[in-house]
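Enquirer: Chains as they are written, first to last, in my numbering: chain G, 1 to 109; chain A, 1001 to 1109. Backbone N, C-alpha and C define an ideal beta-carbon position, used for all residues, glycine too. All of these numbers come straight from a predicted model, not from anything done at the bench. Got a structure for you, questions after.
There are 2 protein chains.
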Amino acid sequence: MENCSGINFINKLPEREMILNAVEMYKIFADETRLRILLALLENELCVSKIVEVAGISQSAVSHQLRILKQMNIVKYRKQGKNVFYSLKDEHIEKIIGMVFEHLKEKGE
Amino acid sequence: MENCSGINFINKLPEREMILNAVEMYKIFADETRLRILLALLENELCVSKIVEVAGISQSAVSHQLRILKQMNIVKYRKQGKNVFYSLKDEHIEKIIGMVFEHLKEKGE
DNA sequence: TTTATATATGTATAAATGCTCATATGTAGG
DNA sequence: CCTACATATGAGCATTTATACATATATAAA
């Protein structure tokens, strides 16, 4: 390549590890089921069976996704009798979610 | 399920279509190559060969990803001689990207 | 202790996704 | 017109991922 621009500097990107962390973060939201779960948890703590209703998929699938969200440190849980209640672990999550929805609204879709 | 919480209302989620749009949006950023491309485009318009340098993958792979970004209305391009220059189509993108990086910084990682 | 309910987990499967390789298209220069 | 360079595209392949099904675990109640 003969250098397509007169300018010959390339912006330093963030460190690779940081980029990979960000990618992991976006991946969390990049799935309908997980996003539905997180949106539902935005306001209330919910037990698994409620989440199943909201997500509209099998209990098994929900549990699998909840595990992922636990591993990613996105949700926390507390047990109470036979139930397990999940809630968001971090208020930043709300902001990140909100951001994209704002964007979509402003685009008028 | 016998109703795990006393509260019996479930938050209305956004409409399904809106959720799906958001998922599509997050998917765009949920890939290292695409995110690197977008980060590189944050400040400069760049031609494909420059993007190849930054992204660190084959020209073919970059072109494929650029096509996706075009289809998703994230980037625009202009041709100039043999080169094609790509740039971000929308300043909201920057905000959405910035958001996650802020989050990661604040978590002290 | 037996049974029912809530949740978790292992496994297999199907679909989506991103890459490479080969090749096509387009443009400029000789 | 022919060649070289920049970019785009099609096909095939390998990996990832989300789900369902079956089953395990845990807790409560009978």
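Using a Cβ-Cβ cut-off of less than 9 Å, list which residues of the stretch 1012-1023 of chain A approach chain G; keep chain order.
Expert: Under the 9 Å Cβ criterion, the stretch 1012-1023 of chain A contributes Leu1013, Pro1014, Arg1016, Glu1017, Met1018, Ile1019, Leu1020, Asn1021, Ala1022, Val1023.
Enquirer: Do the CB positions of Met1025 of chain A and Val23 of chain G come within less than 7 Å of each other?
Expert: Taking the second sequence and counting its residues from 1, the one referred to as residue 1025 of chain A is at position 25. Taking the first sequence and counting its residues from 1, the one referred to as residue 23 of chain G is at position 23. No, Cβ-Cβ distance for Met1025 of chain A and Val23 of chain G is not below 7 Å.
Enquirer: Residues of chain A with CB closer than 8 Å to the CB of Glu106 of chain G, please, in chain order.
Expert: Taking the first sequence and counting its residues from 1, one reaches residue 106 of chain G at position 106. His1092, listed in chain order.
Enquirer: Is Val1100 of chain A close to chain G, meaning its C-beta is less than 7 Å from at least one C-beta of that chain?
Expert: Within the second sequence, the letter at position 100 stands for residue 1100 of chain A. So, interface residue.
Enquirer: I want to know whether the stretch 1037-1046 of chain A touches the stretch 1066-1077 of chain A - three or more CB-CB distances under 8 Å.
Expert: Short answer: they touch.
Enquirer: For Met72 of chain G, which residues in chain A fall below 7 Å Cβ to Cβ?
Expert: If you number the first sequence from 1, residue 72 of chain G lands on position 72. Correct list: empty, because the minimum Cβ distance to chain A is about 12 Å.
Enquirer: Can you grab the Cα-Cα spacing for the pair Cys47 of chain G / His64 of chain G, in whole Å?
Expert: Here residue 47 of chain G corresponds to residue number 47 of the first sequence, with the count starting at 1. Here residue 64 of chain G corresponds to residue number 64 of the first sequence, with the count starting at 1. When rounded, the distance between both Cα atoms is 14 Å.
Enquirer: Three-state secondary structure (DSSP) at Asn21 of chain G?
Expert: If you number the first sequence from 1, residue 21 of chain G lands on position 21. Helix at Asn21 of chain G.
Enquirer: Mind listing the chain A neighbours of Ile96 of chain G? Cutoff is C-beta to C-beta under 7 Å, in chain order.
Expert: The residue you call residue 96 of chain G lines up with position 96 of the first sequence. Neighbours of Ile96 of chain G on chain A, chain order: Met1099, Val1100, His1103.
Enquirer: Taking the C-alpha atoms as reference points, what is the distance between Ile1096 of chain A and Ser87 of chain G?
Expert: Counting from one through the second sequence, the residue named residue 1096 of chain A turns up at place 96. Counting from one through the first sequence, the residue named residue 87 of chain G turns up at place 87. The alpha-carbon atoms of Ile1096 of chain A and Ser87 of chain G are separated by roughly 24 Å.
Enquirer: Could you give the residue range of the alpha helix (DSSP H) that holds Leu1038 of chain A?
Expert: Counting from 1 along the second sequence, the entry for residue 1038 of chain A is found at position 38. Taken as a continuous stretch (DSSP letters only), the alpha helix (DSSP H) holding Leu1038 of chain A covers 1032-1041.
Enquirer: Could you give the distance in angstroms between the alpha-carbon of Gln1080 of chain A and the alpha-carbon of Ser1058 of chain A?
Expert: As a position in the second sequence, residue 1080 of chain A is number 80, starting the count at 1. As a position in the second sequence, residue 1058 of chain A is number 58, starting the count at 1. If you take the alpha carbons of Gln1080 of chain A and Ser1058 of chain A, they lie about 22 Å apart.
Enquirer: Going straight from the alpha carbon of Glu1045 of chain A to that of Phe85 of chain G, what length do you get?
Expert: As a first step, residue 1045 of chain A must be located in the second sequence, where it is residue number 45. As a first step, residue 85 of chain G must be located in the first sequence, where it is residue number 85. Straight-line Cα distance between these residues: approximately 48 Å.
Enquirer: Who are the neighbours of Tyr1026 of chain A on chain G, taking C-beta pairs under 7 Å?
Expert: Here residue 1026 of chain A is taken as the residue at index 26 of the second sequence, counted from 1. Correct list: Tyr26, Phe29, Ala30, Val100.
Enquirer: Put Leu1088 of chain A into one of helix, strand or coil per three-state DSSP.
Expert: Taking the second sequence and counting its residues from 1, the one referred to as residue 1088 of chain A is at position 88. Correct three-state label for Leu1088 of chain A: strand.
Enquirer: Pick from G:Glu43, G:Asn83, G:Val62: whose alpha carbon is nearest that of Ile93 of chain G?
Expert: If you number the first sequence from 1, residue 93 of chain G lands on position 93. Residue G:Glu43 is the option with its Cα nearest to Ile93 of chain G.
Enquirer: Asn83 of chain G and Leu1104 of chain A look like a contact to me (Cβ under 8 Å); what is the Cβ gap, rounded to whole Å?
Expert: For the purposes of this step, residue 83 of chain G is identified with residue 83 of the first sequence, where counting begins at 1. For the purposes of this step, residue 1104 of chain A is identified with residue 104 of the second sequence, where counting begins at 1. That belief does not hold up - the Cβ atoms of Asn83 of chain G and Leu1104 of chain A are roughly 33 Å apart, past 8 Å.
Enquirer: Round the Cβ separation of Lys27 of chain G and Ala1030 of chain A to the nearest angstrom and send it over; I've been treating them as touching at under 8 Å.
Expert: For the purposes of this step, residue 27 of chain G is identified with residue 27 of the first sequence, where counting begins at 1. For the purposes of this step, residue 1030 of chain A is identified with residue 30 of the second sequence, where counting begins at 1. That belief holds up - the Cβ atoms of Lys27 of chain G and Ala1030 of chain A are roughly 4 Å apart, short of 8 Å.
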